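Residue numbers (this note's numbering): 334 to 655.
The beta-carbon is built from N, C-alpha and C at its ideal position, and this holds for glycine as well.
Since the model is a prediction, treat every value here as computed from it, not as a measurement.
Below: the structure, in structure tokens.
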């Protein structure tokens, strides 16, 4: 089955968003979320949230600045990242304030939880103002992943967060503005944090330095990224896939996704190269490049690896899209 969103229709409904990724030529359909009814929820990566049905007809558009990851929580609500209007909490200097946003299945914004406020409430002012030169986009939240299945100290209602510009990840309870654990590095400018069944966490470390020189960003570890496994119970970090990632030159400067699978393999989206891989700690199982033609590679914007148990395709029965 294929979904083809009507980007022109989306943009006509959201005239407030008309530049950057909110143009036909650059609209990304970032991190599409497949729902039980066959519909998809997605954003441009920096704009309104959209739901289309299984036949690609728009069901609703929520006008707000949403970005990066999109997931379902334990109550069936949509959890994503957003930009709060204004310059953040009442702090010394104005910053872009990213938030954990909760959206109903009907497309209503239920709540937003300021990341800056959560950090300040828990004594982490240094992270916002005390590391490196000041920049307005200080936090750059790129993952807000709600806990669905509990493990270790992670409970339903908690959300995993990834702050790229702080090279920091953590587990928070948004409603009480509580941080259960927070760790900066050894990953650098990371994307994508996931809870593993044993209470550990996987992190896709881009391992790059932003603005290294006039040419931009650079990967620091022999030109590759890495998958980190973090255990908050012992505060230990391992990198079981490093040898394969270095051998295969798996690196992504600005984006990237990963998922550790039940048998220990890991699924990786090497976003900047439009490449998907499944690897073990010893070898590449398979890889796929999104080739549109012999001379063109199509972009990837945050794919998902779904198991048979996670997908119910009953909605395909009797499907007749016109």
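- Beyond the five residues adjoining it in sequence on each side, residue 464 comes within less than 6 Å, by CB distance, of no other residue in the same chain.
- Residue 472 is positioned such that its CB atom lies no closer than 8 Å to that of residue 500.
- DSSP places residue 574 outside both helix and strand once states are collapsed to three, so it counts as coil.
- As computed with DSSP, residue 491 is found in a beta bridge with 489.
- Short of 7 Å from the beta carbon of residue 368, and not among the five residues preceding or following it, lie these beta carbons of its own chain, in chain order: 374.
- A residue is called buried when at least 16 other Cβ atoms come within 10 angstroms of its Cβ; residue 439 does not meet this threshold and is exposed.
- Looking at the backbone, the Cα of residue 647 and that of residue 371 are separated by about 9 Å.
- For residue 360, there is no enclosing beta strand (DSSP E), as DSSP gives it neither H nor E.
- Less than 8 Å separates the beta-carbon of residue 572 from that of residue 560.
- Per the coordinates, the alpha-carbon of residue 567 lies some 11 Å from the alpha-carbon of residue 532.
- For the 8 Å CB-CB criterion, residue 511 and residue 505 form a contact.
- Sixteen is the threshold: since fewer than 16 other Cβ atoms of the shown chains lie within 10 Å of the Cβ of residue 351, the residue is exposed.
- The beta carbon of residue 364 lies closer than 6 Å to those of 402, 403, 635 in the same chain, with the five residues before and after it left out.
- The three-state reading of DSSP puts residue 341 in helix, counting H, G and I together.
- Between residue 577 and residue 618, the alpha-carbon positions lie close to 11 Å from each other.
- Judged by their CB atoms, residue 343 and residue 391 are nearer to each other than the 8 Å cut-off.
- For residue 534, the enclosing beta strand (DSSP E) begins and ends at 534–538.
- In this structure residue 397 touches residue 442 by the C-beta definition: roughly 6 Å separates them, less than 8 Å.
- Counting along the chain, residue 452 sits inside the alpha helix (DSSP H) bounded by residues 448–454.
- Uninterrupted alpha helix (DSSP H) stretches at least 4 residues long and entirely within the region 560–634 occur at 575–580, given in chain order.
- DSSP places residue 334 outside both helix and strand once states are collapsed to three, so it counts as coil.
- At the C-beta level, residue 480 and residue 447 stay beyond 8 Å of one another.
- In terms of Cα proximity to residue 469, the closest of 484, 429, 347 is 429.
- Judged by DSSP secondary structure, residue 515 falls within the beta strand (DSSP E) whose first and last residues are 511–517.
- For residue 438, the three-state secondary structure derived from DSSP is coil.
- The Cβ neighbour count for residue 595, taken over all protein chains shown within 10 Å, is under 16; the residue is labelled exposed.
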